[in-house]
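This note's numbering runs 160 ahead of the 1-based position in the sequence shown.
All C-beta atoms, glycine included, are put in the ideal place defined by N, C-alpha and C.
Since the structure is predicted, the reported quantities are computational estimates derived from the model, not experimental observations.
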Amino acid sequence: MSRTIEKLQTEIIFEARKGFPILLSGAIVFLSFTLMPLFFPMETVHLIWIFGLGAIFPFGILISKILGVNIFATSNPLGTLGGIVAAPQAFYIPVFIIVYMHIPKYLPFTIGLLGGSHFLPYMWIYKSKAYLFVTLGTCLSSLILGGFLVNQAFTLVPLAIAIVYIIGVLLILRELKASLV
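Right, dumping it as structure tokens:
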């Protein structure tokens, strides 16, 4: 028996809980990035941004395990699609390295804009307006704060992203609650 797209979406929404543990992980990591300029020289902060991003996914897996959420949903083809949607971020790494090498003050702008844009397809996969908010909130705050307030970008952009992600998590939890009613 084949499952319809609608049925697959419903299944992944409940199995993966719309992937909110990854957003929660991102919020924690970006909140920690906000504090980094207080403790480290900027040259170190630049590198923390590039390498620290790699902590989001494994930390999200840990959070999902603690909360009993299956973010992999391997029995659902939309789970595979979600992984395919996330995978192109690996191609952003050379961009981040080039920005780091030539204009490191624009790392928050670049990372926020490119990273934020990858959330848009999850709006469809999870039938979630929260992911539209996350995409627009992350990209616009990175564009405005990282593009125009460059001298404060390493504090303002990660703080803005963390706030957007936290609001995104709350919106997702509200969507999940509403779909149970």
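Would you mind reading off the limits of the alpha helix (DSSP H) that contains residue i?
i	result
Q169	I165 to A176
T270	L267 to S277
I323	A313 to L340
L207	M202 to G212
V189	F180 to F199
How about residue i and residue j: do their beta carbons lie closer than 9 Å?
i	j	result
Y260	L207	yes
L305	F256	no
F174	L336	yes
I231	I221	yes
Counting C-beta neighbours from all protein chains within 10 Å, is the total for residue i 16 or more, i.e. buried, or is it exposed?
i	result
R177	buried
G276	buried
N236	buried
S185	buried
P254	exposed
Does any residue of chain C have a CB that is nearer than 9 Å to the CB of residue i?
i	result
I285	This model lacks chain C altogether; it includes just one protein chain.
Please list the segments of the alpha helix (DSSP H) lying wholly inside the region 225 to 303, counting only runs of 4 or more residues, in order along the chain. 237 to 246, 252 to 262, 267 to 277 and 280 to 285
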